[in-house]
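Working notes, beginning with the structure itself.
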Amino acid sequence: MTTPRIAVRRLAHAQDLPLPAYESAGAAGMDLRAAVPAEAPITLAPRAWTAVPTGLCIALPPGFEAQVRARSGLALKFAVAPLNSPGTIDADYRGEIKVILMNHGEAPFVISRGDRIAQLVIAAVSQAAWVEVEDLDATARGAGGFGSTGVG
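Residue numbers (my numbering): 14 to 165.
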């Protein structure tokens with residue numbers, strides 16, 4: 014498998030922050046960090062959300078996307094996770110990556126400079142073409158959904 018090479022540009026407010034990196038040999042995601050001013054952390058009130066800057070812009074190769082996903086530790090310990098998870102960064106987007114974080118918890122959550130706030134997963138994608146038909150092929154499941162295959 015060929016490793017995709019991704020151009021990355023650090024904006025001025027992220028110059029001293031490390032680039033996203035895999036934290037273990039088998040990791041699927043790289044941690045994104047908050048590029049908020051050191052003197053102005055963000056306090057996220059319960060049930061509130063905000064777009065947290067990362068200070069990074071990327072150029073994905075055609076046929077790839079970047080998925081912004083929750084960090085399991087933040088979700089479990091603080092009930093803080095990306096609101097639109099997974100968020101998709103398209104190959105043709107060149108703006109700053111921002112993470113829409115929501116505090117689902119009951120206590121305020123402080124986001125400080127350099128905090129690891131989400132994971133970024135690079136994934137191959139395909140674009141599909143619609144083929145309109147009168148009928149679809151039959152399957153054993155048919156149109157059954159939402160619990161039609163049993164409970165649990």
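Built from N, CA and C at the ideal position, the CB exists for glycine as well.
From a predicted model like this one, the values you see are computed outputs, not experimental measurements.
For the options 141, 157, 80 and 139, the alpha carbon positioned closest to that of residue 113 is the one of 80. Under the three-state reduction of DSSP, residue 137 is assigned to strand. In the structure shown, the three-state DSSP call for residue 86 is helix. The residue from 53, 92 and 126 with its alpha-carbon nearest to that of residue 29 is 126. Cβ neighbours of residue 151 within its own chain (closer than 6 Å, five residues either side excluded): none.
For the set 42, 18, 60 and 24, the Cα lying nearest the Cα of residue 119 is the one of 60. Listed as beta-bridge partners of residue 113 by DSSP are 64. Take residue 131, set aside five residues on each side of it, and the residues of its chain with a beta-carbon closer than 7 Å to its own are 45, 81, 82, 83, 84, 95 and 112, in chain order. Bounds of the beta strand (DSSP E) holding residue 101 are 100–102.
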